[in-house]
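Trainee: Numbering (the numbering used here), first residue to last: 15 to 541.
From the three backbone atoms N, C-alpha and C, an ideal C-beta is built for every residue, glycine too.
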């Protein structure tokens, strides 16, 4: 007997997916052999051993002939273990052995149509179905390609169910999955339903609060301005001044994720395999803090088969780089494109992947190798050459892409004891939300991000008009401090955000003075 069966599935591509047809041809003639074609990688080729063992241990007869599995289209690279379950089902359906499923298999009151049903899942040797990564983007791609039903591992069901327009059915064993196609199960099966809006609403505010920070009012103000306008910020100060403490509280004043942002962030973390168990949706903005020994690939993404790096995992959130000069020079320089464009493009011989990377960069560093340059309480032991070499690890072009440069001054224990508790994050977040609403109205009709930091030259001319007094202030500052043209634009963007926080329709001198104060530190330190 010879037969062919076909099922839908999907292959990951960047942070998206492409539909794939899994075709199985079973012939009783010839030597027993299983061949998988269609540009599979090693993990897909190895699936033949897991599949054959799972089929036998699930109670089906082993096949004594030749089995050929084709993953179409044949010119798309396939990787990962998510093809195990569709391959096993296609082989069983092609062999005609599905008429006698194990009695223990769960079932359905209807027979699923293989032409409109998609399947993903990894198999164990015993026939149980294990979770896989990237289910959310696969579900989106399959729905758009016409699939109406999706069979997934039970652990991935809630994640896939966030995609509207496709019914998601969880399975735990190969027998349960096959019963959905035969209709010979023990009872009705209902699709999993998840409300993404309810999941977002249920996400409680948690994490560190700015109320714990005593003093450092200028640094807190700079962080509020940075978050309000989507600007990048650099914190410079001696060890122990609270730079990391300030940075780790930034997520508490960020606006909540929108529905589209939450799904996009979840898709990225799903592809990277970073969704925690029992948490199918990323409902809060990410905060990523890689160690300074991180490689270029781990930071911006890449690899033989491109995968997202830290800049993409921080999309719609915060990327915190502590001890900035300790990072490799090449790693810092390759960040210039994602900082400027909001995405990373990685080209390989097999194709090109584009990863989103629209994040707020928060960096922290000491002013010198020992950390005490300018510290009124501890003397600096560094020579002038050592200080210059340390600071030169950060290039001027990278600094120009950081909008606010802030000195976090050292404080004595006696000074801190007399300072009351700081302002809480809720009050700061309300002001940030006020400024963000102004920007949303200003840039209505444009794609995200609708923030001042994303303004182009035309936007600057339209929304950052300066009167004669402000023009004189800005020209004097540029001549005295030798700012680059890019610094000029950054100053205007920050001034526009300061004005939004104050409710000013136009940039006023006080707004411009504050923006210049947030920018002059790079020339004080690097000159």
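1. According to DSSP, residue 80 sits in a beta bridge with which residue or residues?
2. Which of the three DSSP states is assigned to residue 399 in this structure?
3. Is it the case that the region 259-273 contacts the region 130-141, given that we only count it when at least three CB pairs across the two stretches are under 8 Å?
4. Three Cβ pairs or more, each shorter than 8 Å: is that satisfied between the region 435-449 and the region 276-288?
5. Checking the sheet assignment: what are the DSSP bridge partners for residue 165?
6. Measure the Cβ-Cβ separation of residue 436 and residue 252 and say whether it is below 7 Å.
7. To the nearest angstrom, how far is it from the Cα of residue 413 to the Cα of residue 339?
8. Would residue 507 pass as a contact of residue 467 if the rule is Cβ separation under 7 Å?
9. Go ahead and label residue 321 buried or exposed: buried means 16 or more other beta carbons lie within 10 angstroms of its beta carbon, across all protein chains shown.
10. Quick check on the DSSP output: the beta strand (DSSP E) that includes residue 365 runs from which residue to which?
11. If you run the structure through DSSP and keep just helix, strand and coil, what is residue 407?
12. Who are the Cβ neighbours of residue 233 in its own chain at under 6 Å, not counting the five residues just before and after it?
13. Residue 419 lies in the beta strand (DSSP E); which residues open and close that run?
14. Are at least three pairs of beta-carbons, each pair with one atom in the region 153-162 and one in the region 175-183, less than 8 Å apart?
15. Alpha carbon to alpha carbon, what distance is there between residue 487 and residue 293?
16. Mind reading off the beta-carbon distance from residue 411 to residue 350? Whole number of angstroms is fine, and I expect it under 8 Å.
17. Go ahead and label residue 170 buried or exposed: buried means 16 or more other beta carbons lie within 10 angstroms of its beta carbon, across all protein chains shown.
18. Please determine, among 403, 84, 295 and 337, the residue with the shortest C-alpha to C-alpha distance to residue 172.
19. Determine whether the beta carbon atoms of residue 299 and residue 265 lie at a separation below 7 Å.
20. May I ask which residues mark the beginning and end of the beta strand (DSSP E) holding residue 359?
21. Helix, strand or coil for residue 532? Go by DSSP, reduced to three states.
22. Residue 326 by DSSP, collapsed to three states: which one?
23. Quick check: the Cα distance between residue 201 and residue 130, rounded to an integer number of angstroms?
24. Tell me the rounded alpha-carbon separation between residue 408 and residue 190.
25. Kindly confirm or deny that the region 495-513 and the region 229-248 touch, where touching means at least three C-beta pairs closer than 8 Å.
26. Would you call the region 353-362 in contact with the region 397-407, where contact means no fewer than 3 C-beta pairs closer than 8 Å?
27. Does the separation of the CB atoms of residue 505 and residue 529 fall below 7 Å?
Mentor: Taking the structure as given:
1. 41 and 47
2. helix
3. no
4. no
5. 133 and 183
6. no
7. 12 Å
8. yes
9. buried
10. 365-370
11. coil
12. 260, 420 and 422
13. 418-421
14. yes
15. 51 Å
16. 6 Å
17. buried
18. 295
19. yes
20. 357-362
21. coil
22. helix
23. Its pLDDT being 48, under 50, residue 201 is placed unreliably by the model, and the measurement read from it follows with that caveat. Whole-angstrom Cα-Cα distance: 22 Å.
24. 57 Å
25. yes
26. no
27. yes
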